[in-house]
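Single-structure report; data block below.
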Amino acid sequence: MCGSSQSIALCNTVLSTIVADEIRLINEKLEKTEDAKEKVILNAILDNISNHSRIIFNGNSYDDAWKKEAK
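As structure tokens, then:
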């Protein structure tokens, strides 16, 4: 998280690099497979969700219940 006086350029560069690397990994899988492309893409999405679901937060961080869960 950037401070109010900081540029967001570095944060955007880092995030873009992470996304590009993940897309590169999926592309490598697509190039190596003989299976249907849709199957490889679906498996890549499911793998990413299962591997990273612990850091995905879709809740209300202002709710008191979240404050208890976060502790």
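Counting from 3, one number per residue, gives the positions in the sequence shown under my numbering. From the three backbone atoms N, C-alpha and C, an ideal C-beta is built for every residue, glycine too.
Let me know the secondary structure DSSP gives residue i once reduced to three states.
i, result
"I25", "helix"
"N60", "coil"
"D65", "coil"
"S7", "coil"
"T19", "helix"
Taking just the CA atoms, how far does residue j sit from residue i?
i, j, result
"S15", "V21", "The sequence shown places Thr at residue 15, rather than the Ser named in the question. About 10 Å."
"A11", "I51", "27 Å"
"Y64", "A72", "11 Å"
"R56", "S9", "29 Å"
"I28", "A46", "7 Å"
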